[in-house]
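Each position in the sequence shown, counted from 1, maps to that position plus 130 in the working numbering. Positions of the beta carbon are idealized from the N, C-alpha and C atoms, including for glycine. Notes for the one structure printed next.
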Amino acid sequence: IVGSGDFNGDRKADILWQDTSGARAIWLMNGTVRSSSVSLGTVPTSWSIRNY
Numbered sequence: 131i132v133g134s135g136d137f138n139g140d141r142k143a144d145i146l147w148q149d150t151s152g153a154r155a156i157w158l159m160n161g162t163v164r165s166s167s168v169s170l171g172t173v174p175t176s177w178s179i180r181n182y
């Protein structure tokens, strides 16, 4: 898990994942149940997400 937030505007927390190859995806959540997922493609593993 590299981050969380309401990515689709439904007022529910969603999860941003990244695997060791740099592939990223968002799990759109409905409480504790994943309602769908969105692939964001692969980014260099040297990149990171920061909360400013």
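Following the DSSP letters along the chain, one finds Gly-161 in no beta strand (DSSP E), marked with neither H nor E. With fewer than 16 other Cβ atoms inside 10 Å of its own Cβ, Ile-131 counts as exposed. Ranked by how close their Cα comes to the Cα of Gly-161, the residues Gly-133, Gln-148, Lys-142 have Lys-142 in first place. Per the C-alpha coordinates, the member of Ser-165, Trp-177, Arg-180 positioned closest to Asn-138 is Ser-165.
When only Cα atoms are considered, Ile-156 and Thr-175 end up about 17 angstroms apart.
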